[in-house]
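Residue numbers (the numbering used here), protein chains in the order written: chain A, 1 to 373; chain B, 1001 to 1505.
Beta carbons are placed, not taken as given, at the ideal position from N, Cα and C, and that holds for glycine.
In this text, all values refer to a predicted model and were calculated from it rather than measured experimentally.
In structure tokens form, the structure reads like this:
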């Protein structure tokens, strides 16, 4: 509220200075990106969209150049230079410094798996997945960043008319900093089912920006986060629904141990023309120990009157009554807790359609829980 | 079914029309002589205001410090409202009726002001009490038989009269204008003023701290249950005037007070600025209930004119087991920027926020609350009902923050929005921050239109369309209306009817 006038120029962090150096001599939108970075720095607490995730502070001293390796079940169909600038600073930087974009065009029934591994230092990458009209396909992305690394990744999904995509994103062990900005363009009558599983990192920020045409298209954006001490995960989504009769369902569940920090930000924007939209967003999370922190901002912005929109948000501890009951039945406390947390967190994963992937993510979840206790 | 829907669209058109100036019954100005400070804001103007109020030196210094701080601040832009920027140098910061502040007999009160109050429908059955010294006791005694409301009326910048003062004094309750309180109870004012909303809290609050001209002061002593509802009516009258009142209510240990606030302003082409501060302090086991019916002039149907309502309201549950409850019915103002909040500092303290915000025509409201849980076992409850019609935008913006030490904290939030017509907007922006595992926080929000099934059902039972719609809207806001004191509930229902005339009858 009513901040003091900023007269001093921004004092750049070493990481920012290194990024500016990398953009020296840039022209066009790349030069504009450089200027924006110089003026405002990397996203930080002063930016409304980054209120609870201070990327600027945590990237502070990472200056050396790193690499991001992307390996997949197959090579991309094309590699193209970036011509147009995205809006936000991170995808802009990824576009400016991430080299050519890898383009994957999926075929009917394809199941593409991508392994994204980032080394120490700052790395940028950008890739595009196209799902042509009428095609049903699946993509699984697994990402990790080494300790001392900062990976900035921009992803663009184009889902054609009547196409269907299951997207599963999982973040494995991630001692470094990871920021993924995904833009998803959904075609008329198309379907997106996106599920994310993360155990956090030094900082993990996963943004999904969905452009939803209404038009009987359906989108599911589910997520699960389980955070060990000193892990941070930020799940941010925006959905702009621009036409009538669209469907959106979001379910995010989380559990945070002592000194962990979970952030959920979701925004549903229903435009004037988007009559008869049905949109639901739910975030529920468990606080597992002292000094755990969870922040949430589930937002609705609605301009159409004939809609059904709702969001719910609930935070609390494990149900002591249930715990008591299970212990009474002879289960040791740690095990009883793990079972309760697992069943609480599993709900979004249970909605994954591919049984193999579903089981594999559930297994990851159990492993993560075991590591916690 | 289709028939019902079509007629809703027709009602919507009528909603917008309902905002036409003729429907705003408070849109009159009073033709009385005004004494004003020179236009614009400067240290001289602040000195003028302070001198006018015969304030002690410390008060002037306090104002000047706020002013200097304000010069370095920027107007906030994060709210979801758009408006023509305010020219802070084109406002009169002080306007008072020339004839003086307090009246000894009926002859002293300008008849125009009296007529004004009558039009406002203030429960001034106590008008004799308001006006004269003679007969006050009898009137008070008479009044004892019916529910009483003690009134402080603030006209532009100056508090013109406070009723039932004597009877309140018997109970030990201090109820007077804040300028009087600065003179008569400086120790209390000095101790509490700015202790909830600090001098430089935000842009508008800092401006208010520099230039506030009057307002109400209430002190309820230990163990006293205030014998009547206290009430203030604020009215802006003079052209090009800003109103900057400041209310300070202190409920000492074990006391209780219920306070009502009503606001109106005349119709004017230009925008009028209202930047008020309300500070509430509840000590151990005390309870404050603060109700507002806000009906500032909302501007005409094209968004011309209307009041900019930029208000900072905050309550501090400073003591154990204390409770502060905000209830608001917001139907007026062109722009509303208002977040009545509770700081739940004392263990087991309770904060409540019940709100109905209605926007129509070109109104924009960004309103909500903040519940800051600091103490153990603190509880808060937020019920917000937003109704948007016409081309208006209605935003709920709220924060629930639970500190690491607030073990056992509990919050429940429910925000429901109703859209009437397809040219308005309803938005929900809740912030939730939790730093302890020993808290439970729940938030629910829905956005819908009036249910066609329910309308159909009501009509099937013989209600005409208008009555059916009214029934549903009343049902929609019921949880909040029932929190209002009786005197206000009636007025609030009337206001809702006027604001949404055509569709809610």
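Same chain, Cβ closer than 6 Å to residue i, five either side skipped, listed in chain order
{"i": "residue 94 of chain A", "result": "124, 126, 152, 154"}
{"i": "residue 81 of chain A", "result": "100"}
{"i": "residue 128 of chain A", "result": "101, 103, 156"}
{"i": "residue 1364 of chain B", "result": "1081, 1335, 1393"}
{"i": "residue 1315 of chain B", "result": "1280, 1324, 1342"}
{"i": "residue 1446 of chain B", "result": "1416"}
{"i": "residue 158 of chain A", "result": "130, 185"}
{"i": "residue 258 of chain A", "result": "229, 289, 290, 291, 292"}
{"i": "residue 323 of chain A", "result": "336"}
{"i": "residue 1429 of chain B", "result": "1397"}
Boundaries (first-last residue) of the beta strand (DSSP E) holding residue i
{"i": "residue 1295 of chain B", "result": "1287-1295"}
{"i": "residue 308 of chain A", "result": "308-316"}
{"i": "residue 1326 of chain B", "result": "1323-1330"}
{"i": "residue 14 of chain A", "result": "It is not in any beta strand (DSSP E) - residue 14 of chain A instead sits in the alpha helix (DSSP H) that spans 14-22."}
{"i": "residue 10 of chain A", "result": "Element bounds for residue 10 of chain A: n/a, residue is neither H nor E."}
{"i": "residue 125 of chain A", "result": "121-131"}
{"i": "residue 1228 of chain B", "result": "No beta strand (DSSP E) contains residue 1228 of chain B, which DSSP labels as neither H nor E."}
Residue span of the alpha helix (DSSP H) that contains residue i, given as start and end
{"i": "residue 153 of chain A", "result": "Segment 149-159 is the beta strand (DSSP E) holding residue 153 of chain A; no alpha helix (DSSP H) there."}
{"i": "residue 91 of chain A", "result": "89-97"}
{"i": "residue 59 of chain A", "result": "55-59"}
{"i": "residue 1337 of chain B", "result": "Careful: residue 1337 of chain B lies outside any alpha helix (DSSP H), inside the beta strand (DSSP E) at 1335-1338."}
{"i": "residue 1050 of chain B", "result": "1043-1052"}
{"i": "residue 1511 of chain B", "result": "Within the shown structure, residues of chain B are numbered from 1001 to 1505, placing residue 1511 of chain B beyond reach of any answer."}
Helix, strand or coil at residue i [DSSP, three-state]
{"i": "residue 1506 of chain B", "result": "This structure gives no information on residue 1506 of chain B, because the portion of chain B shown stretches from 1001 to 1505."}
{"i": "residue 373 of chain A", "result": "coil"}
{"i": "residue 255 of chain A", "result": "strand"}
{"i": "residue 230 of chain A", "result": "coil"}
{"i": "residue 1199 of chain B", "result": "coil"}
{"i": "residue 1091 of chain B", "result": "coil"}
{"i": "residue 1222 of chain B", "result": "coil"}
{"i": "residue 290 of chain A", "result": "coil"}
{"i": "residue 275 of chain A", "result": "coil"}
{"i": "residue 43 of chain A", "result": "coil"}
{"i": "residue 107 of chain A", "result": "coil"}
{"i": "residue 1040 of chain B", "result": "coil"}
{"i": "residue 1392 of chain B", "result": "coil"}
{"i": "residue 250 of chain A", "result": "strand"}
{"i": "residue 1493 of chain B", "result": "helix"}
{"i": "residue 193 of chain A", "result": "strand"}
{"i": "residue 362 of chain A", "result": "helix"}
{"i": "residue 1146 of chain B", "result": "Low confidence applies here, because residue 1146 of chain B scores a pLDDT of 38, under 50, leaving its location unreliable; read the following figure in that light. Residue 1146 of chain B: coil per DSSP, three-state reduction."}
{"i": "residue 1430 of chain B", "result": "strand"}
Close Cβ partners of residue i (< 7 Å) along its chain, the five nearest in sequence each way excluded
{"i": "residue 1306 of chain B", "result": "1271, 1297, 1298, 1299, 1333, 1334"}
{"i": "residue 69 of chain A", "result": "117"}
{"i": "residue 308 of chain A", "result": "278"}
{"i": "residue 362 of chain A", "result": "346, 349"}
{"i": "residue 67 of chain A", "result": "119, 123"}
Integer-rounded CB distance, given that residue j should sit under 8 Å from residue i
{"i": "residue 1295 of chain B", "j": "residue 1327 of chain B", "result": "Not confirmed; about 15 Å, so no contact."}
{"i": "residue 1178 of chain B", "j": "residue 1248 of chain B", "result": "6 Å"}
{"i": "residue 1293 of chain B", "j": "residue 1496 of chain B", "result": "Residue 1293 of chain B to residue 1496 of chain B, Cβ: 10 Å. No contact."}
{"i": "residue 18 of chain A", "j": "residue 122 of chain A", "result": "7 Å"}
{"i": "residue 1405 of chain B", "j": "residue 1374 of chain B", "result": "7 Å"}
{"i": "residue 162 of chain A", "j": "residue 190 of chain A", "result": "6 Å"}
{"i": "residue 1064 of chain B", "j": "residue 1043 of chain B", "result": "6 Å"}
{"i": "residue 165 of chain A", "j": "residue 197 of chain A", "result": "Incorrect: roughly 17 Å between the Cβ atoms, too far for contact."}
Cut-off 8 Å between Cβ atoms - residues of its own chain near residue i, not counting five sequence neighbours on either side
{"i": "residue 1227 of chain B", "result": "1148, 1167, 1168, 1171, 1173"}
Any non-hydrogen atom of the ligand NAD within 6 Å of residue i CB
{"i": "residue 106 of chain A", "result": "Ligands are entirely absent from the displayed structure, and the ligand NAD is therefore not among its contents."}
Discussion item. Using 8 Å as the cut-off, can you tell me whether the region 1457-1477 of chain B makes contact with the region 335-349 of chain A, which would need three or more C-beta pairs spanning the two stretches below that distance?
Written reply: The region 1457-1477 of chain B makes no contact with the region 335-349 of chain A: fewer than 3 CB pairs, one atom from each, lie closer than 8 Å.
Worksheet item: On the three-pair Cβ rule with 8 Å, is the region 287-306 of chain A touching the region 82-93 of chain A?
Response: The region 287-306 of chain A vs the region 82-93 of chain A: no contact.
Item to complete: State whether the region 1318-1332 of chain B contacts the region 1207-1219 of chain B, with contact taken as three or more CB pairs (one from each stretch) at a distance under 8 Å.
Response: Contact between the region 1318-1332 of chain B and the region 1207-1219 of chain B is not established, with fewer than three Cβ pairs separated by less than 8 Å.
Item to complete: Answer yes if the region 266-285 of chain A comes into contact with the region 1392-1412 of chain B, meaning at least three C-beta pairs across the two stretches below 8 Å, and no otherwise.
Response: Output reads no: the region 266-285 of chain A does not touch the region 1392-1412 of chain B.
Worksheet item: So, do the region 138-153 of chain A and the region 210-229 of chain A have three or more beta carbon pairs nearer to each other than 8 Å?
Response: No: fewer than three Cβ pairs fall under 8 Å.
Worksheet item: Are there three or more Cβ pairs, one per stretch, closer than 8 Å when the region 1401-1419 of chain B is compared with the region 261-272 of chain A?
Response: Because the criterion of three Cβ pairs below 8 Å is not met, the region 1401-1419 of chain B and the region 261-272 of chain A do not touch.
Discussion item. So, does the region 198-206 of chain A touch the region 172-181 of chain A, judging by three or more C-beta pairs under 8 Å?
Written reply: Output reads yes: the region 172-181 of chain A touches the region 198-206 of chain A.
Discussion item. Under 8 Å: do the region 162-172 of chain A and the region 134-144 of chain A share three or more Cβ pairs, one atom per stretch?
Written reply: Cβ pair count under 8 Å is three or more, so yes.
Discussion item. Taking 8 Å as the cut-off, does the region 1479-1492 of chain B touch the region 1436-1445 of chain B (at least 3 CB pairs, one atom from each stretch)?
Written reply: Cβ pair count under 8 Å is below three, so no.
Worksheet entry | At least three beta-carbon pairs within less than 8 Å, the region 318-332 of chain A to the region 1471-1486 of chain B | Touching, no.
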